[in-house]
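Undergrad: I have a structure I would like to understand better, so I am pasting it below and will then ask my questions one at a time.
Number of protein chains: 2
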Amino acid sequence: MAAQRGEGETTTTPAEPADRERARAIPEAAVARLAVYLRVLSGMADQGVTAVSSEELSQAAGVNAAKLRKDLSYIGSYGTRGVGYDVEVLVSHIERILGLTRNHSVAVVGIGNLGHALANYGGFPGRGFPVTALFDVDADLIGIPVGGIPVNHIDEITAICLEREVSIGVIATPPPAAQSVCDRLVSAGVQCILNFAPVVLQVPDNVEVRKVDLAVEMQILSFHVARRADEAASVSVGNNGLGVDGMVIRP
Amino acid sequence: MAAQRGEGETTTTPAEPADRERARAIPEAAVARLAVYLRVLSGMADQGVTAVSSEELSQAAGVNAAKLRKDLSYIGSYGTRGVGYDVEVLVSHIERILGLTRNHSVAVVGIGNLGHALANYGGFPGRGFPVTALFDVDADLIGIPVGGIPVNHIDEITAICLEREVSIGVIATPPPAAQSVCDRLVSAGVQCILNFAPVVLQVPDNVEVRKVDLAVEMQILSFHVARRADEAASVSVGNNGLGVDGMVIRP
DNA sequence: CCGACTTTGTGCATGCGTTCACAAGCGGTA
DNA sequence: TACCGCTTGTGAACGCATGCACAAAGTCGG
Ligand SMILES: NC(=O)c1ccc[n+]([C@@H]2O[C@H](COP(=O)([O-])OP(=O)(O)OC[C@H]3O[C@@H](n4cnc5c(N)ncnc54)[C@H](O)[C@@H]3O)[C@@H](O)[C@H]2O)c1
Ligand SMILES: NC(=O)c1ccc[n+]([C@@H]2O[C@H](COP(=O)([O-])OP(=O)(O)OC[C@H]3O[C@@H](n4cnc5c(N)ncnc54)[C@H](O)[C@@H]3O)[C@@H](O)[C@H]2O)c1
């Protein structure tokens, strides 16, 4: 029904887009990198580093220095030419842009293998994402605390999500249950969903979904292995127009 | 030192790139989607569906139909105009391109919360990614089977990875250990790494790294919440040039 | 106070990825 | 066989992202 990712209004309005909209138009790819810069900068701050140049930071973050500066320029001009950036200042501005000035309460649904790992993980609360609710259908799990939070029955999801102001829902159920869980989260007012189930979720336009699909990640790695193996083969054996598996490369 | 992602040879060779190289130049984004199509198609095949049109498949995969057809065109012309695609045929060709005609043995390093979940997960072997080795430093874990595989000490990593022909290494250790584990995997000949530790890994050019960073995913979601909240605020309150948190939108 | 040096911020070109739109091709039908 | 309707495959245009290269803007030493 609705696209997973908002498709943005095509030029139906001949009028200019408002400046404030353009100011907010930070490329999605840049947002992801800003989160990485933030982590690196936090680490530096913890080690007592107070200033950093774009060159140093870009090395630590594994990106091109020019790209880093462009990314930072989307959020403003907080560097000092000839010197670099103040670590604390940069941290606070990135946090502001990413909306980390307030906490985002997280609910995990499906307390199996993965749900347990997520609930027990200590890394989220410190980064502004306290896990405040756990849900499952398994009667044996209800009431048991995992990572300090008792598991509730999925039927209580609406009431509890509203009460605890959950803003991010994490789906860690088996694939067949994922869409139904997603629908319940959405009716409970949750507008952000992180989905671990290998399923394409259908959601309304106002809900943001991100997926983590480990099988897909592995298949991408597999593709690169195959490509490399194929290249090696065709180099050593000479280009006969056939790759491994009889794949026709030059028909 | 080396970039996380190969930067591709710049035009040092004035000669044309060989056709076979171009044939292999499937955009990274398309590869990721091909993996999704494969999953959807496999599900359809299981339900006895034998033919599918680009429109149907694109709906099920949550993408634009034109994009889907272009993605499929990278791997060849296996559709029938006026009819659609044969599900089995498409499955086998995508599998071939993704290098899934042979199994890729997986090693998991760091059998803590996350490592246990991964080792116990039944979804990988069926997709061609059997987990064949587990490693940790914790003496209490060594020898204990998890998901049917006994945990080995990290010091045995080289010998065991070579013996079991591990092609994908999964890092699920605490962040400080990640780089050292990565180096060990690389010296054991592993060329593909999936990294869960929130750390930027340094690897040689011939090694492919993909990272899964849940905190980053949540921060991206947080960004979108903040953007939406800000838009709503500036609409209801009128645009005064200030967003939430006193963020200056139009300086 | 000045000049040399350092590093930011960004205009611009280039390349990649997405989307549109339509000709080409195939099966079915008369 | 000839026509018709449907769906694929792709050329072309567009928009987004990347990386270069440099002017602007600051620091520091003398
Ligand atoms: N474990 C992994 O490493 C891993 C890796 C990749 C993908 N995944 C995916 O993550 C998801 C969870 O994996 P897992 O290994 O934790 O599975 P699991 O079977 O261990 O746990 C699933 C949990 O969800 C609960 N559940 C089932 N239906 C539910 C519903 N309608 N509402 C609420 N809870 C419900 C079950 O009771 C169970 O506790 C699956 O979709 C799986 O494909 C897991
Ligand atoms: N658990 C989660 O849900 C989650 C979420 C996001 C990120 N992560 C990341 O994933 C990684 C693992 O998380 P976790 O919760 O499983 O941690 P954990 O502490 O439960 O497990 C880490 C395991 O790694 C082992 N280990 C430590 N040093 C090692 C070494 N040098 N070689 C081999 N093994 C070693 C430890 O003995 C332990 O068993 C961390 O980097 C964490 O930041 C975890």
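Line by line, the protein sequences give chains A and B.
For the first sequence, position 155 matches number 155 in my numbering, and the numbering has no gaps at all.
For the second sequence, position 135 matches number 135 in my numbering, and the numbering has no gaps at all.
For glycine and all other residues, C-beta sits at the position ideal for the given N, C-alpha and C.
1) Just to confirm, are V63 (chain B) and G84 (chain B) a CB contact at a threshold of 7 Å?
2) For the stretch 138-169 of chain B, which segments carrying the alpha helix (DSSP H) assignment without a break, of at least 4 residues, lie completely within its bounds, in sequence order?
3) On the CB-based measure, 16 or more other CB atoms within 10 Å of its CB, does A232 (chain B) come out buried or exposed?
4) Sorted by chain position, which residues of the same chain lie with C-beta nearer than 6 Å to P17 (chain B)'s C-beta, five sequence neighbours on each side aside?
5) For G82 (chain B), is the classification buried or exposed, using 16 other Cβ atoms within 10 angstroms of its Cβ as the cut-off for buried?
6) Who are the near neighbours of I97 (chain A) in its chain, counting only those whose CB is closer than 6 Å to its CB and skipping five residues on each side?
7) Quick check: the Cα distance between L38 (chain A) and I168 (chain A), rounded to an integer number of angstroms?
8) Taking 6 Å as the limit between beta carbons, can you name the residues of its chain near Q132 (chain B), skipping five residues before and five after?
9) Three Cβ pairs or more, each shorter than 8 Å: is that satisfied between the stretch 64-74 of chain B and the stretch 102-121 of chain B?
10) Taking Cβ-Cβ distances below 7 Å as the criterion, which residues of the stretch 178-199 of chain A are in contact with chain B?
11) Starting from E208 (chain B), find everything on chain A with Cβ-Cβ shorter than 7 Å and list it in chain order.
12) Taking 7 Å as the CB-CB cut-off, is G84 (chain B) touching chain A?
13) In chain A, what lies closer than 7 Å to I168 (chain B) by C-beta?
14) Can we count V186 (chain B) as close to ligand 2, meaning its CB is less than 6 Å from some heavy atom?
15) Answer with buried or exposed for Q219 (chain A), where buried requires no fewer than 16 other C-beta atoms within 10 angstroms of its C-beta.
16) Would you say E163 (chain B) faces chain A, with C-beta separation under 7 Å as the test?
17) Using DSSP bridges, identify the partner residues of I171 (chain B).
18) So that I know if they touch, is there some Cβ in chain A lying closer than 7 Å to that of L141 (chain B)?
19) Would a check of beta-carbon distances place A30 (chain B) closer than 7 Å to chain A?
20) Are the CB atoms of I171 (chain B) and H153 (chain B) nearer to each other than 7 Å?
21) Consider the Cβ of R69 (chain A): report whether some Cβ of chain B lies at a distance smaller than 7 Å.
22) Who are the Cβ neighbours of V40 (chain A) in its own chain at under 7 Å, not counting the five residues just before and after it?
23) Check whether the Cβ of A133 (chain B) lies closer than 7 Å to any Cβ atom in chain A.
24) Jot down the residue ranges of each uninterrupted alpha helix (DSSP H) in the stretch 44-103 of chain B, minimum 4 residues, whole runs only, in chain order.
25) What number of angstroms, rounded off, separates the C-alpha of V209 (chain B) from the C-alpha of F135 (chain B)?
26) For ligand 1, any of its heavy atoms closer than 6 Å to the Cβ of N195 (chain A)?
27) May I ask you to report which of helix, strand or coil DSSP gives L201 (chain A)?
28) If you draw a straight line from the alpha carbon of V151 (chain A) to that of G128 (chain B), how long is it in whole angstroms?
29) What residues from the stretch 101-114 of chain B come within 7 Å of chain A, judged by C-beta to C-beta, listed N to C?
30) Within 6 Å: the Cβ of P150 (chain B) and any heavy atom of ligand 2?
TA: Checking against the coordinates, here is how it stands:
1) Locating residue 63 (chain B) in the second sequence gives position 63, counting from the first residue. Locating residue 84 (chain B) in the second sequence gives position 84, counting from the first residue. No, Cβ-Cβ distance for V63 (chain B) and G84 (chain B) is not below 7 Å.
2) 157-163
3) As a position in the second sequence, residue 232 (chain B) is number 232, starting the count at 1. When all chains shown are included, A232 (chain B) counts as exposed.
4) Translated into the one-based positions of the second sequence, residue 17 (chain B) becomes position 17. Summary for P17 (chain B): the model assigns pLDDT 36, below 50, so the residue's position carries little reliability, and this model does not support an answer.
5) Position 82 of the second sequence holds residue 82 (chain B). Under this definition G82 (chain B) is an exposed residue.
6) Walking along the first sequence from the start, residue 97 (chain A) turns up at place 97. Taken in chain order, the residues that qualify are I75.
7) Mapped onto the first sequence, residue 38 (chain A) falls at position 38. Mapped onto the first sequence, residue 168 (chain A) falls at position 168. Their backbone Cα atoms lie some 20 Å apart in a straight line.
8) Position 132 of the second sequence, counted from the first residue, corresponds to residue 132 (chain B). Note that residue 132 (chain B) corresponds to Thr in the displayed sequence, not to Gln. S105 and R164.
9) No, they do not touch.
10) Q191, C192, L194 and P198
11) Within the second sequence, residue 208 (chain B) is the residue found at index 208, counting from 1. Ordered by position in chain A, the residues that pass the 7 Å Cβ test against E208 (chain B) are L221 and H224.
12) Along the second sequence, read from residue 1 onward, the residue named residue 84 (chain B) stands at position 84. False, the Cβ-Cβ gap to chain A never drops below 7 Å.
13) As a working note, residue 168 (chain B) is residue 168 in the second sequence. Neighbours of I168 (chain B) across chain A, judged by C-beta separation under 7 Å: M218 and L221.
14) As a first step, residue 186 (chain B) is located in the second sequence; it is residue number 186 there, counting from the start. No; taking the cut-off as 6 Å, the Cβ of V186 (chain B) has no heavy atom of ligand 2 nearer than that.
15) As a first step, residue 219 (chain A) is located in the first sequence; it is residue number 219 there, counting from the start. Its Cβ being crowded by 16 or more others within 10 Å, Q219 (chain A) is buried.
16) For the purposes of this step, residue 163 (chain B) is taken as the residue at position 163 of the second sequence. Not closer than 7 Å to any Cβ of chain A, the Cβ of E163 (chain B) fails to qualify, so no.
17) By 1-based counting over the second sequence, the position of residue 171 (chain B) is 171. DSSP output for I171 (chain B) lists B:V109 and B:N195 as bridge partner(s).
18) Here residue 141 (chain B) refers to the residue found at position 141 of the second sequence. For L141 (chain B), the answer is no, since every Cβ of chain A falls outside 7 Å of its Cβ.
19) Residue mapping note: residue 30 (chain B) aligns to position 30 of the second sequence, counting from 1. No - not a single Cβ of chain A is within 7 Å of the one on A30 (chain B).
20) Counting from one through the second sequence, the residue named residue 171 (chain B) turns up at place 171. Counting from one through the second sequence, the residue named residue 153 (chain B) turns up at place 153. Not closer than 7 Å, so no.
21) If you number the first sequence from 1, residue 69 (chain A) lands on position 69. Answer no: the Cβ-Cβ gap between R69 (chain A) and chain B never drops below 7 Å.
22) To locate residue 40 (chain A), count along the first sequence from 1; it is residue 40. Excluding residues within five positions, the ones whose Cβ falls inside 7 Å are L57, A60 and A61.
23) Within the second sequence, numbered from 1, the residue matching residue 133 (chain B) stands at position 133. Not an interface residue.
24) 54-61, 65-73 and 87-97
25) Stepping through the second sequence from its first residue, residue 209 (chain B) is reached at position 209. Stepping through the second sequence from its first residue, residue 135 (chain B) is reached at position 135. Cα to Cα, the separation comes out at about 19 Å.
26) Translated into positions along the first sequence, residue 195 (chain A) becomes position 195. No, the beta carbon of N195 (chain A) sits no closer than 6 Å to any heavy atom of ligand 1.
27) For the purposes of this step, residue 201 (chain A) is identified with residue 201 of the first sequence, where counting begins at 1. The answer is coil: DSSP assigns L201 (chain A) none of H, G, I, E or B.
28) Taking the first residue of the first sequence as 1, we reach residue 151 (chain A) at position 151. Taking the first residue of the second sequence as 1, we reach residue 128 (chain B) at position 128. Cα-Cα distance, rounded: 34 Å.
29) T101, H104, N113 and L114
30) Taking the first residue of the second sequence as position 1, residue 150 (chain B) is located at position 150. No, the Cβ of P150 (chain B) stays beyond 6 Å of every heavy atom of ligand 2.
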